[in-house]
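Colleague: Those sequence lines, one after another, are chains L and U. Here the first sequence stands for residues 24 to 584, numbered as in this note's numbering. Here the second sequence stands for residues 191 to 419, numbered as in this note's numbering. By construction, the Cβ of each residue, glycine as well, lies at the ideal position given by its N, Cα and C atoms. Take a look at the following structure, please.
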Amino acid sequence: MSISTVMIGMVLLPLVLSIVMAALPAKSSKVVFEGMNLASLLVILVCAIILAVPVVNGASMGVSSLTGASGTLPDAATAAGMVAQVGVISPGGWLRVDPLSLVFVCLIAVIGLLVGIYSVGYVRHDLEDGKIDASKVKTFYAFYQLFIFTMLLAATTNNIIMMWVAIEATTLGTVFLVGIYGSKLALEAAWKYVIICATGVAFGLYGVLLVYSNAAQILGDAHAAAFWTSVLPVASQLDPTLMAVAFVFTLIGFGTKAGLFPMHTWLPDAHAEAPSPVSALLSGVLLKCAVLVIVRFYIVASIAVGFRFVSLVCIILGGLSIVVGAFFIFAQRDFKRKLAYSSSENVGVIVLCLGFGGIGILAALIHCVAHAFVKALMFCLSGNLLMKYHTRDLDKISGVIEAAPVTGVLMFLGLLALSGFPPFAMFWSEIFTVFAGLGAGQYVVVALVVIALTVVIAAFALTINSAVFKHKPEGMKTKELGPVVLVPEIILLCVVLWLGVCTPPAVTNTLRQAGTDVQLLISGANGVQGVQDSDSVQSVEIPVVYDQDGIATTPAAGVTQ
Amino acid sequence: MTLLTAINALAALLILTSISVVSTSSVRSAAIRYAIQSVVLVIAFVVLGFAHEARELFIWAGTATLTKVIGVPALLLFMLKKVGQAEAEGTGKGIKMGSLSLPGNIPVGGLVAISACEVALCLVVVNGVELPVAQGVKPALALSLAHFFIGVTCIVSQNNILKQILGFCLMENGSHLTLALLAPGAPEMVEIGVTTDAIFAMVIMALLAYRIYKTQHTLDARDLTELKG
């Protein structure tokens with residue numbers, strides 16, 4: 024079996040399983056749906072690991088051959104040609120996994136499986152509580168698989184128009200999961216989710232079409248112009264004005280899906296009303312898939328327009344998302360809505376990092392990974408609270424550590440991780456964000472962001488004080504939830520700690536390769552040496568160093584090792 | 191009349207039909223007008239197919255006939271039958287549906303004025319676009335963009351959920367014409383993907399609207415404001 028067959032199989036398997044589950048009678052045992060769901064997720068994880076080996080090895084070889092002993096950066100076309108060749112590509116070029124998309128495929132595979140295991144306990148509890156019936160169990164698992172398929176498609180597609188189709192499909196695949204409880208609020212959240220995201224993402228289509236059309240004109244091949252790897256080598260020849268407009272459209276479009284301010288309004292409603300495992304996937308992984316598509320167009324626009332414009336747009340939208348999100352986090356008393364605003368704030372951090380450039384690009388990728396695991400953990404824990412306290416209202420939740428000690432400890436550590444405390448992974452990505460901002464000369468922005476992050480720390484510290492500690496409500500017995508719920512949460516916390524304390528070399532290498540690819544492309548076009556846009560030098564000067572193998576890296580990557 | 195002039199004329203006809211959809215007071219009438227608009231869109235695809243000698247556009251014209259001319263209006267009319275015409279248009283007893291004839295607080299005249307401004311603005315913006323594929327069809331490109339924004343205006347200005355769905359359909363028609371104008375030779379798979387997405391979106395919205403109606407006895411978006419975003 025070839026490696027591209029593994030990739031195609033990995034993407035199509037959840038779609039097939041989703042159709043099979045939908046075809047099964049609703050009266051089928053829940054164990055059948057649970058088993059099919061977990062088996063599929065396990066196979067996807069194995070496929071992701073199989074894909075990772077050649078992608079990381081191939082990327083290392085490509086970069087080292089280009090940078091070589093001279094240590095000079097390649098020009099845009101050379102870098103683009105090299106990056107376009109790296110990775111596993113399907114026949115016809117429709118699907119492709121490179122180091123950048125590998126990061127997101129692995130997130131989907133790992134978090135998808137852990138949340139899938141957690142779902143078993145959560146859905147059974149909802150079934151016993153009468154919140155859902157047997158037919159909803161079938162709906163949940165069938166749409167869970169469809170959700171995984173759409174995210175895998177978004178992460179692996181090499182076709183820029185299919186990127187839009189995949190992101191739109193993530194909305195359509197999840198809307199019934201958001202509204203699965205059928206309550207008035209759940210249906211309202213589902214309606215807002217579908218109407219806001221479908222409208223917002225439609226803006227993205229215009230951005231994609233502008234890029235496609237301009238590329239088709241330059242390439243003279245309408246079919247080739249639809250592929251990102253074909254657009255990349257000619258990105259420097261694209262019309263700068265058109266690409267500036269296209270980038271704004273794509274940022275608005277896919278930024279809506281990512282939860283960027285001011286297009287974030289669907290996010291707290293959908294996250295709060297969806298079942299907690301769905302919230303965990305929405306916030307942990309889906310937002311990152313939208314970020315991946317933004318990064319793809321960020322690279323094209325940086326090459327075509329120059330980094331200065333792209334940086335400005337990213338800094339404005341990212342900065343606003345952080346500042347506004349921070350104050351909403353502080354004000355919210357609904358735990359899941361608090362976490363949802365935190366997602367908007369953290370996507371803001373990622374986009375801000377992209378705006379800073381340099382080590383900010385690596386910081387953005389590290390933040391993507393760290394936030395994905397932390398937020399998946401926190402939304403799963405919000406499910407624990409719902410099962411234990413039957414409310415999301417923080418005024419009614421207290422003494423978790425007394426009522427359910429393991430959940431209490433996990434919540435305490437998870438909130439510390441989400442606040443960006445050391446030694447958790449988000450501490451490093453936020454520190455690199457500050458370094459990247461200072462390196463880019465954005466002192467005022469960095470100051471504002473640090474103040475906003477302090478507000479976030481205060482908000483979560485108050486939550487720890489009131490919800491985790493204090494005394495449990497009178498009459499509530501001390502009883503922990505089952506191991507099916509707790510084990511995946513413990514694993515998620517261990518991963519967050521592991522990433523912060525001693526990042527596994529495989530993860531470091533993948534992140535470093537992905538970050539280096541983006542850096543090389545942007546710096547090649549804007550020119551650290553031989554700059555085309557002299558004003559952008561300060562923004563794109565990347566502290567790239569080369570190790571003994573000639574592999575481009577950054578001090579930040581070194582720190583994470 | 192050259193083929194490109196015909197495309198520009200068809201795009202102008204699309205704008206007129208979309209204003210007609212937005213301004214009608216009846217969902218049934220709006221669905222039928224949408225079907226007529228989709229016929230215009232299909233003709234535009236065929237003409238573009240001849241202009242660019244693009245086989246893909248003929249395939250797309252076929253799928254658009256099935257989905258947009260027949261599928262979407264049929265689904266909306268089926269929804270109306272299930273919900274009941276009177277209820278859907280806000281005249282049913284005890285059921286709040288949201289006004290239709292005067293959407294939101296914006297009178298029909300206001301909507302037409304907004305649409306005209308959107309058309310003017312898009313004409314100005316698209317005039318600066320220098321793409322070989324857009325030469326000769328700049329008016330159509332501007333009108334397709336304006337069509338998209340008229341759809342957005344319909345979504346934000348209407349209280350009735352079914353009319354919001356129609357607004358989404360108008361948006362889709364605008365973006366699909368843009369796609370045909372700017373990417374006439376795009377792989378069939380892409381066009382099928384975009385169309386399928388749009389149809390699934392529409393079906394899912396209609397199903398959701400029906401569930402909202404069944405459980406909440408309302409199709410008025412103003413009754414869905416407990417969550418504050």
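Look at the alpha carbon of U:S365 and the alpha carbon of L:Y229, and state the distance between them as a whole number of angstroms.
Modeller: As a first step, residue 365 of chain U must be located in the second sequence, where it is residue number 175. As a first step, residue 229 of chain L must be located in the first sequence, where it is residue number 206. Each residue's Cα considered, the two are about 7 Å apart.
Colleague: From L:G371 to L:Q465, what distance separates their C-alpha atoms?
Modeller: Counting from one through the first sequence, the residue named residue 371 of chain L turns up at place 348. Counting from one through the first sequence, the residue named residue 465 of chain L turns up at place 442. Rounded to whole angstroms, L:G371 to L:Q465 spans 16 Å at the Cα level.
Colleague: I'd like the list of long-range same chain contacts for U:S210, defined as Cβ closer than 7 Å, with 5 residues on each side in sequence excluded.
Modeller: Here residue 210 of chain U refers to the residue found at position 20 of the second sequence. So the qualifying residues of the chain are R223.
Colleague: Can you check the region 122 to 203 of chain L for any alpha helix (DSSP H) of at least 4 residues that lies completely inside it and give the ranges in chain order?
Modeller: Taking only runs of at least 4 residues, the alpha helix (DSSP H) segments lying wholly in the region 122 to 203 of chain L are 122 to 152, 157 to 179 and 183 to 201.
Colleague: In chain L, which residues lie with their C-beta within 9 Å of the C-beta of U:M395?
Modeller: For the purposes of this step, residue 395 of chain U is identified with residue 205 of the second sequence, where counting begins at 1. Correct list: V198, W214, V217, I218 and A221.
Colleague: Counting only beta-carbon separations shorter than 9 Å, does U:S365 have a partner in chain L?
Modeller: As a first step, residue 365 of chain U is located in the second sequence; it is residue number 175 there, counting from the start. Closer than 9 Å to some Cβ of chain L, the Cβ of U:S365 qualifies, so yes.
Colleague: In chain L, which residues lie less than 8 Å from U:D146 when you measure between Cβ atoms?
Modeller: Outside the shown range of chain U (191 to 419) lies residue 146 of chain U, about which nothing can therefore be said.
Colleague: I'd like to know whether the C-beta of U:A376 is nearer than 9 Å to at least one C-beta of chain L.
Modeller: Position 186 of the second sequence, counted from the start, is the residue given in the question as residue 376 of chain U. Output row for U:A376: interface = yes.
Colleague: Below 7 Å on C-beta distance, what does U:T368 contact in chain L?
Modeller: One-based indexing of the second sequence puts residue 368 of chain U at position 178. By Cβ distance, chain L contributes Y229 and L232.
Colleague: Runs of 4 residues minimum, wholly inside the region 298 to 354 of chain U: which ones carry the alpha helix (DSSP H) assignment?
Modeller: Within the region 298 to 354 of chain U, the complete alpha helix (DSSP H) runs of at least 4 residues are 298 to 317 and 328 to 347.
Colleague: Taking a contact to mean a Cβ-Cβ separation below 9 Å, would you say L:M401 touches L:L438 in this structure?
Modeller: Counted from its first residue, the first sequence places residue 401 of chain L at position 378. Counted from its first residue, the first sequence places residue 438 of chain L at position 415. Contact flag set, yes.
Colleague: Does the count of Cβ pairs from the region 357 to 374 of chain L and the region 305 to 318 of chain L closer than 8 Å reach three?
Modeller: They touch, by the three-pair rule.
Colleague: In this structure, does DSSP put U:D387 in helix, strand or coil?
Modeller: The residue you call residue 387 of chain U lines up with position 197 of the second sequence. The answer is helix: DSSP assigns U:D387 an H, G or I state.
Colleague: Suppose contacts are defined by Cβ-Cβ distances below 9 Å. Is L:A165 in contact with L:M44 by that definition?
Modeller: As a first step, residue 165 of chain L is located in the first sequence; it is residue number 142 there, counting from the start. As a first step, residue 44 of chain L is located in the first sequence; it is residue number 21 there, counting from the start. Yes.
Colleague: What first and last residue would you give for the alpha helix (DSSP H) that runs through L:D292?
Modeller: Position 269 of the first sequence holds residue 292 of chain L. Its alpha helix (DSSP H) spans residues W289 to E296.
Colleague: For U:P263, report the span of its alpha helix (DSSP H) as first-last.
Modeller: Mapped onto the second sequence, residue 263 of chain U falls at position 73. Counting along the chain, the alpha helix (DSSP H) containing U:P263 begins and ends at V262 to V273.
Colleague: Measuring CA to CA, which of L:K419, L:F483, L:V468 and L:G380 is closest to L:S546?
Modeller: By one-based count along the first sequence, residue 546 of chain L stands at place 523. It is L:G380.
Colleague: How long is the line joining the alpha carbons of U:A370 and L:L137, rounded to whole angstroms?
Modeller: Here residue 370 of chain U refers to the residue found at position 180 of the second sequence. Here residue 137 of chain L refers to the residue found at position 114 of the first sequence. So the alpha carbons of these two residues sit roughly 42 Å apart.
Colleague: First and last residue of the alpha helix (DSSP H) that includes L:I420?
Modeller: Within the first sequence, numbered from 1, the residue matching residue 420 of chain L stands at position 397. Unbroken run through L:I420: none, as it is neither H nor E.
Colleague: Using a C-beta to C-beta distance shorter than 9 Å, which residues of chain L count as neighbours of U:M269?
Modeller: Along the second sequence, read from residue 1 onward, the residue named residue 269 of chain U stands at position 79. By Cβ distance, chain L contributes nothing, its closest Cβ being about 15 Å from U:M269, past 9 Å.
Colleague: Identify which residue in L:S489, L:V374 and L:V467 has its Cα closest to the Cα of L:V318.
Modeller: In the first sequence, counting from the first residue as 1, residue 318 of chain L sits at position 295. Taking only the C-alpha atoms, the option nearest L:V318 is L:V374.
Colleague: Measuring alpha carbon to alpha carbon, tell me which of L:V457, L:F250, L:E503 and L:N80 ends up nearest L:R535.
Modeller: Position 512 of the first sequence, counted from the first residue, corresponds to residue 535 of chain L. Closest by alpha carbon: L:N80.
Colleague: Compare the C-beta of L:D262 against all C-beta atoms of chain U and say whether one is closer than 9 Å.
Modeller: Position 239 of the first sequence, counted from the first residue, corresponds to residue 262 of chain L. Judged by the 9 Å Cβ criterion, L:D262 is in contact with chain U.
Colleague: For L:N407, decide whether its Cβ has a neighbour in chain U, counting only Cβ atoms nearer than 9 Å.
Modeller: Position 384 of the first sequence, counted from the start, is the residue given in the question as residue 407 of chain L. No, L:N407 lies away from the interface with chain U (no Cβ there is under 9 Å from its Cβ).
Colleague: Nearest CA to the CA of L:V146: which residue from L:V314, L:E503 and L:A297?
Modeller: The sequence position of residue 146 of chain L within the first sequence is 123, counting from 1. Here the closest residue by C-alpha is L:A297.
Colleague: Smallest Cα separation from L:T264: which of L:L283, L:L38, L:I155 and L:V323?
Modeller: Here residue 264 of chain L refers to the residue found at position 241 of the first sequence. Residue L:V323 is the option with its Cα nearest to L:T264.
Colleague: By the DSSP assignment, the alpha helix (DSSP H) with L:H246 in it spans what residues?
Modeller: Indexing the first sequence from 1 puts residue 246 of chain L at position 223. Careful: L:H246 lies outside any alpha helix (DSSP H) and carries neither H nor E.
Colleague: Considering only the beta carbon of each residue, do U:A221 and U:L270 sit closer than 9 Å?
Modeller: The sequence position of residue 221 of chain U within the second sequence is 31, counting from 1. The sequence position of residue 270 of chain U within the second sequence is 80, counting from 1. A contact, by the Cβ cut-off of 9 Å.
Colleague: Hey, L:V231 and L:G342: beta-carbon distance below 9 Å or not?
Modeller: What you label residue 231 of chain L is simply residue 208 of the first sequence in a count that begins at 1. What you label residue 342 of chain L is simply residue 319 of the first sequence in a count that begins at 1. Going by C-beta atoms, L:V231 is not nearer than 9 Å to L:G342.
Colleague: Taking the Cβ atom as the reference point for each residue, do U:I171 and U:Q354 lie within a distance shorter than 9 Å?
Modeller: Residue 171 of chain U lies beyond the residue range present for chain U, which begins at 191 and ends at 419; the question has no answer from this structure.
Colleague: Which residues of chain L have a Cβ atom closer than 8 Å to the Cβ of U:G383, listed in chain order?
Modeller: The residue labelled residue 383 of chain U in the question sits at position 193 within the second sequence. Those are I184, M185 and V188, listed as they occur along chain L.
Colleague: Would you call the CB atoms of L:T197 and L:V316 closer than 9 Å?
Modeller: Locating residue 197 of chain L in the first sequence gives position 174, counting from the first residue. Locating residue 316 of chain L in the first sequence gives position 293, counting from the first residue. Contact: no.
Colleague: For U:G318, decide whether its Cβ has a neighbour in chain L, counting only Cβ atoms nearer than 9 Å.
Modeller: Counting from 1 along the second sequence, the entry for residue 318 of chain U is found at position 128. So yes, U:G318 belongs to the interface.
Colleague: Could you please tell me which residues of the region 341 to 362 of chain U, in chain order, have their CB closer than 7 Å to any CB of chain L?
Modeller: Listed by position along the chain: V342, I345, Q354, F358 and M361.
Colleague: With distance defined between alpha-carbon atoms, name the residue in L:N181, L:T180 and L:L200 nearest to L:Y167.
Modeller: Numbered from 1 along the first sequence, position 144 holds the residue referred to as residue 167 of chain L. The shortest C-alpha separation from L:Y167 is found at L:L200.
Colleague: Grouping DSSP H, G and I as helix and E and B as strand, with all else coil, what is U:G282?
Modeller: Taking the first residue of the second sequence as position 1, residue 282 of chain U is located at position 92. Because U:G282 carries a pLDDT of 45, less than 50, the predicted location of this residue cannot be relied on, and the following value inherits that uncertainty. The answer is coil: DSSP assigns U:G282 none of H, G, I, E or B.
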